[in-house]
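Numbering (my numbering), first residue to last: 59 to 135.
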């Protein structure tokens, strides 16, 4: 499932989010987040050039792959 939200809304939704990994390149920020409240993982992507952002739910067994290829998972949803 892909939900398009503003980056500040992603962090504002769940104050128990922990950033497990982060990468940035060419204006695109990608974060792997874990919710202590729900025990779920998600990948949040924000493009500072276009202002677009989205998040992708990341099953534990695929979390690293979703983190590395979030656009592929967003397109598949």
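Beta carbons are placed, not taken as given, at the ideal position from N, Cα and C, and that holds for glycine. Bear in mind that the values here come from a model prediction, so they are computed numbers and not experimental data.
Query raised in the report: Between residue 128 and residue 114, what straight-line distance do the alpha-carbon atoms span, to the nearest angstrom?
Result: Approximately 7 Å, taken between the alpha carbons.
Query raised in the report: For the beta strand (DSSP E) that contains residue 84, what are its first and last residues?
Result: Premise fails: residue 84 is in no beta strand (DSSP E) and is neither H nor E.
Query raised in the report: Looking at residue 79 and residue 125, is the spacing between their C-beta atoms short of 8 Å?
Result: Judged by beta-carbon spacing, residue 79 lies within the 8 Å limit of residue 125, meaning their Cβ atoms are closer than that value.
Report task. Please name the residue, chosen from 106, 117, 130, that lies closest to residue 82 on a Cα-to-Cα basis. Result -> Measuring from the Cα of residue 82, the nearest candidate turns out to be 106.
Report task. State the DSSP-derived secondary structure class of residue 119, mapped to helix, strand or coil. Result -> Helix at residue 119.
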